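Enquirer:
6 protein chains.
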Amino acid sequence: DFLNALQEIVPAFGASTDDLERCRLNGMVDCGNRHKHIYERAMLLVEQVKVSRGSPLVTCLLEGPSGSGKTALAATVGIDSDFPYVKIVSAETMIGLHESTKCAQIVKVFEDAYKSPLSIIILDDIERLLEYIAIGPRFSNLISQTLLVLLKRLPPKGKKLLVIGTTSEVSFLDSIGVCDAFSVAYNVPKLKKDDAEQVLRQLNVFAEDDIQAAAEALDEMPIKKLYMLIAMASRGVGGGASDEAIYSERQKIMISHFYDCLQDVVGY
Amino acid sequence: DFLNALQEIVPAFGASTDDLERCRLNGMVDCGNRHKHIYERAMLLVEQVKVSRGSPLVTCLLEGPSGSGKTALAATVGIDSDFPYVKIVSAETMIGLHESTKCAQIVKVFEDAYKSPLSIIILDDIERLLEYIAIGPRFSNLISQTLLVLLKRLPPKGKKLLVIGTTSEVSFLDSIGVCDAFSVAYNVPKLKKDDAEQVLRQLNVFAEDDIQAAAEALDEMPIKKLYMLIAMASRGVGGGASDEAIYSERQKIMISHFYDCLQDVVGY
Amino acid sequence: DFLNALQEIVPAFGASTDDLERCRLNGMVDCGNRHKHIYERAMLLVEQVKVSRGSPLVTCLLEGPSGSGKTALAATVGIDSDFPYVKIVSAETMIGLHESTKCAQIVKVFEDAYKSPLSIIILDDIERLLEYIAIGPRFSNLISQTLLVLLKRLPPKGKKLLVIGTTSEVSFLDSIGVCDAFSVAYNVPKLKKDDAEQVLRQLNVFAEDDIQAAAEALDEMPIKKLYMLIAMASRGVGGGASDEAIYSERQKIMISHFYDCLQDVVGY
Amino acid sequence: DFLNALQEIVPAFGASTDDLERCRLNGMVDCGNRHKHIYERAMLLVEQVKVSRGSPLVTCLLEGPSGSGKTALAATVGIDSDFPYVKIVSAETMIGLHESTKCAQIVKVFEDAYKSPLSIIILDDIERLLEYIAIGPRFSNLISQTLLVLLKRLPPKGKKLLVIGTTSEVSFLDSIGVCDAFSVAYNVPKLKKDDAEQVLRQLNVFAEDDIQAAAEALDEMPIKKLYMLIAMASRGVGGGASDEAIYSERQKIMISHFYDCLQDVVGY
Amino acid sequence: DFLNALQEIVPAFGASTDDLERCRLNGMVDCGNRHKHIYERAMLLVEQVKVSRGSPLVTCLLEGPSGSGKTALAATVGIDSDFPYVKIVSAETMIGLHESTKCAQIVKVFEDAYKSPLSIIILDDIERLLEYIAIGPRFSNLISQTLLVLLKRLPPKGKKLLVIGTTSEVSFLDSIGVCDAFSVAYNVPKLKKDDAEQVLRQLNVFAEDDIQAAAEALDEMPIKKLYMLIAMASRGVGGGASDEAIYSERQKIMISHFYDCLQDVVGY
Amino acid sequence: DFLNALQEIVPAFGASTDDLERCRLNGMVDCGNRHKHIYERAMLLVEQVKVSRGSPLVTCLLEGPSGSGKTALAATVGIDSDFPYVKIVSAETMIGLHESTKCAQIVKVFEDAYKSPLSIIILDDIERLLEYIAIGPRFSNLISQTLLVLLKRLPPKGKKLLVIGTTSEVSFLDSIGVCDAFSVAYNVPKLKKDDAEQVLRQLNVFAEDDIQAAAEALDEMPIKKLYMLIAMASRGVGGGASDEAIYSERQKIMISHFYDCLQDVVGY
Ligand SMILES: Nc1ncnc2c1ncn2[C@@H]1O[C@H](COP(=O)(O)OP(=O)(O)OP(=O)(O)O)[C@@H](O)[C@H]1O
Ligand SMILES: Nc1ncnc2c1ncn2[C@@H]1O[C@H](COP(=O)(O)OP(=O)(O)OP(=O)(O)O)[C@@H](O)[C@H]1O
Ligand SMILES: Nc1ncnc2c1ncn2[C@@H]1O[C@H](COP(=O)(O)OP(=O)(O)OP(=O)(O)O)[C@@H](O)[C@H]1O
Ligand SMILES: Nc1ncnc2c1ncn2[C@@H]1O[C@H](COP(=O)(O)OP(=O)(O)OP(=O)(O)O)[C@@H](O)[C@H]1O
Ligand SMILES: Nc1ncnc2c1ncn2[C@@H]1O[C@H](COP(=O)(O)OP(=O)(O)OP(=O)(O)O)[C@@H](O)[C@H]1O
Ligand SMILES: Nc1ncnc2c1ncn2[C@@H]1O[C@H](COP(=O)(O)OP(=O)(O)OP(=O)(O)O)[C@@H](O)[C@H]1O
Ligand SMILES: [Mg+2]
Ligand SMILES: [Mg+2]
Ligand SMILES: [Mg+2]
Ligand SMILES: [Mg+2]
Ligand SMILES: [Mg+2]
Ligand SMILES: [Mg+2]
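Residue numbers (the working numbering), protein chains in the order written: chain B, 1 to 268; chain R, 1 to 268; chain S, 1 to 268; chain E, 1 to 268; chain H, 1 to 268; chain W, 1 to 268.
1) Is S/L73 near ligand 3, going by C-beta to nearest heavy atom under 7 Å?
2) With 16 other CB atoms within 10 Å as the buried threshold, where does B/N141 fall?
3) By Cβ distance below 6 Å, which residues in the same chain neighbour E/L20 in space, the five residues on each side in sequence not counted?
4) Is S/D19 near ligand 9, judged by its Cβ being under 7 Å from some heavy atom?
5) Distance cutoff 8 Å, beta carbons only. Does B/E127 sit that close to anything in chain R?
6) How is H/G165 classed by DSSP in three states: helix, strand or coil?
7) Pull up the CB-CB distance for H/P56 and H/K224, whole angstroms please, since I reckon it's below 8 Å.
8) Cα separation between S/K252 and R/V184?
9) Could you list which residues in chain A have their beta carbon closer than 8 Å to that of R/D264, in chain order?
10) What span of residues does the beta strand (DSSP E) with W/A185 cover, start to end?
11) Measuring straight from C-alpha to C-alpha, what distance separates E/T101 and E/L62?
12) In the DSSP assignment, what are the bridge partners of H/T146?
13) Taking the continuous beta strand (DSSP E) assigned at W/S280, which residues delimit it?
14) Is R/L191 near R/G32, with beta carbons less than 8 Å apart?
15) Can you tell me whether DSSP reads E/C31 as helix, strand or coil?
16) In chain order, what residues of the same chain lie with their CB nearer than 6 Å to the CB of R/D18, ignoring the 5 residues before and after it?
17) With a threshold of 8 Å between beta-carbons, can H/A134 be considered close to chain E, or not?
18) For E/R53, count the other beta carbons within 10 Å of its own beta carbon; 16 or more makes it buried, fewer makes it exposed. Which is it?
19) At least one CB of chain S closer than 8 Å to the CB of E/L20: is that the case?
20) Please confirm if W/G239 has its CB atom under 8 Å from at least one CB of chain B.
21) At a CB-CB cut-off below 9 Å, which residues of chain W make contact with H/T146?
22) Could you check what DSSP says for B/Y132 in three-state terms: helix, strand or coil?
23) Beta carbon of R/D209: closer than 7 Å to some heavy atom of ligand 2?
24) Helix, strand or coil for B/C179? Go by DSSP, reduced to three states.
25) Quick one, which of H/V46, H/D219, H/G64 has its alpha-carbon nearest H/F172's?
26) Output the distance between the C-alpha atoms of R/Q347 and R/A72, rounded to the nearest integer angstrom.
27) Of all the residues that make up the stretch 88–117 of chain B, which are near chain R by a beta-carbon distance shorter than 7 Å?
28) If we ignore side chains and look at the alpha-carbon of each, how far apart do S/V107 and H/C261 end up?
Structure (structure tokens):
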């Protein structure tokens, strides 16, 4: 299944997937059915691209709230495909560049992909690639146009390409026609109470008696913020408890301290 | 008739129509009466341009929802005319260029056309040529002005030109006066249930019993998305069924899997 | 009278009026009283400029719906005046130029005119010279300012200048004060049913019995679109009927086919 | 009185006032009390600047509808003052220049004025200097700021300066604070029926019986348009009547033809 | 007291305060209590800066209607402080400069001030420094940011700085946060009837019987416009009465003429 | 506790923390519980960054009204951490620079931080770094995008980074998604009456009988303005009382004079 697949395949990868691995710093735990479903459908698209004759270009959008696990999921699909060319396009490597330079770099990634028989390109945080800001709104039309064309341009004969985009601003992307430019789209959700409980059990950082209460408080929490919160709550319990101490079960998080930290987290 | 015409003429073309051929990657099937009607009227315009003395410039707009078959139709008219100069102007070959460079390239195509006694220019996805984005809206006024002038400028004495434009943003084009700049316009629609059924029969990818149900679900589907959907639904039926397997009738698409895929498709 | 005047004078002109002649590709037929009236008043202005001492600069705007015959009318006045300097300023020869370059070219035409004792400058499609687009609206303020000044600047002592502008966006021009900058203005209308009938009779392309019905359908049609429509309707009547065949009365347009074509024409 | 003053002084001027003279191409007739009053007050300001110690800078705005005689009035004050430096700043000599170049030229005129003990600067059609256009509105902030500062900056010790501005867009100037930057302001009106009658009598172009009727029709007409209208109406009366013929009383304007022409004039 | 203070100190200054002196061309008369109060408080800030250890930077805004005497007041404080560095920053010396050049000049003044143990910088007419125009509104964000930072940046250790800003657009400054950037703010008002009377008595330009009536008419008049008005009213009384004649009491202003002039003044 | 911690650690720092020390010119007094709480939580984050494995990047926003003590607080945390790299990024050192230069400088600070195992970066007055102005609003999208990416980009393996931002425009930051980019956020408030009383006692500038009344008047006053006010009120009490005199208890502030000064302070 989903998680097993991940854990089996990871060791098979070498240095070149470092970029992808950094996208899932906290590893991959079982986050509930929706996450699993999306992973499976995405892997089917990987199959389709590989085998189908009539669809040399497939494009798939992962959208959902900030921190819900979109990038980690896309990276995992990239790692788990056995495609020779897997590349992540991220604003992190293009800070401060002029929009035309960014444009050129993005085009370059596509041109490189066109040279490989099977390729995956991850367009991570598309709103950030587009320099989107809600006020105005402002964004780069140059880069928008570039993506709109690239998302529809067929690779040369005999080449196949899967593009996976991620975004937490789906309604913006929709309003500029970028959603329409994707063939399929999946919503990656926050954790429900039950998903949170499952995750907490896997992390094993609360005393058994506290898990239920903690999970209740974590309803509608994105997986990424959950990790930050756990890290915060691990501090201040009798001084210098380290992550290791917590995760290795030698010490558990005090639920009251956990509640305190919860209040500091932005958006809660 | 329409489809026959296509199939007869295609072999007569060599490498130079490669660009046009790539525009109809999935070939041309019978999509219903409206598509056929538009093809016939467009071919009459080809005739008019060739013969008439008083109208050396005829301009025709194909507008309709995304994926309804506009580009394939325009390309087919270009291929089926026996004009010595047929050229497609597309944003795909002008990614990231400055608007003035795009402008110059477009003008160049017209200047080249003016040298041929009979020419067809396809302005594909005019909204993309104009760098249109709905928010704002934003678009290149420079290119808009260029098209507005080129669509009305007469070719030199003795030269004849047919311009075919395509767009899925007809109301935008209308609001900037580009529709008015065309002599005639045709709406290329999505498939109706009956059209879809006809197409499915031609493709022969469903068991006879499923065709009606599938066609029902495909009401108001653009022909292009139909092809993508068939390709997706062909995956996941007992592992690695390839397109060939499906199209060659060795395997049929499972209708339940088809319904699942339908939900992932953007806009449905 | 008006049409006679045209036909008499035309032969008197040589190559240098080629540009003006191209503006009335389909010749000049009698379009009804309003067109005639405007022609006569414009010719009076020609007289005024020539003779009057106190008004060395007269400016006249021809405004009306797209295709109503403004440019052809202005060109005709230019041709029929016996002024040594008659020049048309059109966006067609300035495609893609920067607004300051356009500006310089326009100024150049005026400077040249100032050297001739009697000059006519036709500013054709002023909204296009101004790079006007309805959304925004956008337009070149640089060129607007230039025209606003040029339309009021007196020629040097002893020189006389008549400026004729044409536009189909009179309300825009009004909103930026360009209308006010003209001394006089005339509205060039579409054809009324009776005008259309008169034109059809002159063209002689319908069987006598069909003329009335056709004219009825052509109520509120601009003269320019009427010509396009006739050219379209001339196709598809028993294969390859050429314009000549139609105009030479050997063949007449089938009224039913005419109705079909009417529906394809943009804006009807 | 006012008109006499003008006529006496004019001959005293040489070539250098050519620019100013061109501003009153049709001479100066008696236009009614308001025009006279403004002239007198403006001449008092001329006096004040010359004599007063505490106000080395006086600024005066003439505002009113298009064609009401503002520029001619300002030019007349300039001519009638006996100031060694009188300069008109007009958009006519700055067509197509970049706003910073215009700025520099305007500053230059002020710097030159600062060198003369007594100077008058006429800022003609300020809205045009500012590249104002009603849509937006758009205008040059650079030039606006320049004028706002120049209108308040004191000349060097011992130098005196009178600035006269003209505009037909007073509400715009008011909204950007330029009106406030002037010390005094006068509204130059259109002609009232009685003023028009007086002017017509002076021009002597109508038969005595027609004057009253004509004046009635000219109520609220700006003096400048009145001249254009008279010139138009002088044509078409039995062929080639020249201005001279009309003004020299050999021929009179036919009142019916006059009414016709009135309808063609923009804004009536 | 206030006025005495002014008159005593002025002679103590040499050429270097010329710029400041030009700011109070009409000298300083007693304008009423509010003006006096502001002067005193500002002088206390001068003291505070000199003596206090904890507030090396004090910033003070003088705001009020156009012509109310803000600049003259600020200049007077600058003159009356015995600070070694007193500098006025005004748009008058930066006409037409690019905003970044203006920025650099402003920064330069601050850097220079930082070198002196005690400094005063007068930011005169801040809205003009910011190139503010009400329509839009438009203004230079670059200069705004510069002022916002400079108004809060501490001088180097051991240096003290008093910044005095003046503006007649306080609500604009407030809306961009510039008011908040000042420590203290004072409203400099127009003259009330009583203040006006007091001023008129000091100027001694009316006959005793007219003073009350004139003062009544001057209620809510800014002191600066009062001076302009007196200068205007001094003209036209029997020809060439000079300022001197009026101020030296040889001649008095006729009250009726004074009323006439009052109507011409902008804003009354 | 909080204040003690501060006072103990300060001496341990050398020249390199000068920048940070200048941020708390008036030292650190006990401002009430909320300030203390924030300090403690921020120090816990310092701990977390140092010890935790799973959160190499922690980001913390201090937001609150102008002058509430945010910068002093952030500087104090920076000083009290024993991190080898502590850097403040402030608009003060980037006046007048182009946004791309600012961008580069900010990136440089992060790149430097990435080289140290433990780093703190203080982004002071983020709205000022972003060149934010409320009207429009206007701001630098380039810098916004840069911060949005830097606030999420993980440091290289083995490096840890704490980012502390300060702002008094939290709702703006929220509207452009910058708040969301922080892990935790704290509101730094103005002084309540009780806090003010506590501060006044520590400063010891009022007579015992006046403290309560003064504190009452200082309810909702930011700590920074309180210091300015005290400095102002210390002037004008019998001439030249210096800060020292006041703070050294030789002289007390007169409560009536204190009330007067209170009215001059902007925003009260
Ligand atoms: N099943 C899972 N799916 C996704 N992420 C997981 C899963 N299990 C654990 N994680 C961890 O959760 C975090 C998800 O963060 P990620 O950056 O993918 O979220 P995101 O939705 O891309 O956030 P943002 O909206 O900020 O881009 C990663 O650190 C990842 O290691
Ligand atoms: N009769 C037909 N007419 C048009 N296209 C057809 C027809 N039969 C099959 N097709 C296939 O359907 C697809 C139509 O896609 P096409 O790109 O022309 O649509 P479009 O309307 O131009 O889309 P877009 O709005 O994205 O530009 C092509 O792959 C073409 O091969
Ligand atoms: N009496 C007439 N007046 C004007 N045009 C006529 C007349 N008779 C025939 N025509 C023909 O009608 C056409 C008028 O087109 P024209 O380009 O002048 O229209 P327009 O109003 O300038 O159009 P647009 O709004 O597109 O600029 C010309 O081809 C001209 O030859
Ligand atoms: N008493 C008068 N005052 C002003 N103009 C007069 C007078 N008598 C005759 N004229 C004539 O009337 C015309 C006035 O035109 P002028 O250009 O001054 O108007 P304007 O208000 O400046 O117009 P615009 O608004 O277009 O700038 C001139 O040709 C001038 O010779
Ligand atoms: N007590 C006074 N205070 C201020 N100005 C005075 C006083 N007495 C006389 N004046 C004179 O009044 C005038 C005030 O003009 P000033 O330029 O200072 O006004 P302002 O408010 O700065 O105007 P603006 O809003 O145009 O900048 C000066 O000429 C000054 O000499
Ligand atoms: N406990 C305290 N916390 C913060 N500041 C204190 C404290 N005690 C005294 N102060 C003093 O109060 C002042 C706080 O000013 P600071 O610049 O930190 O405010 P700020 O909120 O950053 O203001 P701004 O919004 O203008 O950036 C400093 O001078 C500091 O020395
Ligand atoms: Mg992500
Ligand atoms: Mg297409
Ligand atoms: Mg035309
Ligand atoms: Mg004028
Ligand atoms: Mg001032
Ligand atoms: Mg701060």
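We put the beta carbon where it would ideally sit given N, CA and C, even for glycine. Just so you know, these numbers come straight off a predicted model, no measurement behind them.
Expert: In brief:
1) yes
2) buried
3) A75, G78, I79
4) no
5) no
6) strand
7) Their Cβ separation, rounded to whole angstroms, is 34 Å, which puts H/P56 and H/K224 out of contact at 8 Å.
8) 22 Å
9) Absent from the structure: chain A. Protein chains present are B, R, S, E, H and W.
10) 184–187
11) 26 Å
12) The partner list for H/T146 (beta bridge, DSSP) is empty, contrary to what the question assumes.
13) With chain W represented from 1 up to 268, any question about residue 280 of chain W goes unanswered, as that position is not in the structure.
14) yes
15) coil
16) none
17) yes
18) exposed
19) no
20) Any reading at W/G239 must be qualified, since the residue scores a pLDDT of 49, below 50, and its modelled position is unreliable; no value is offered.
21) I95, G96
22) coil
23) no
24) coil
25) H/G64
26) In the structure as shown, chain R starts at 1 and stops at 268, and residue 347 of chain R therefore has no counterpart that could be examined.
27) S100, C103, A104, V107
28) 44 Å
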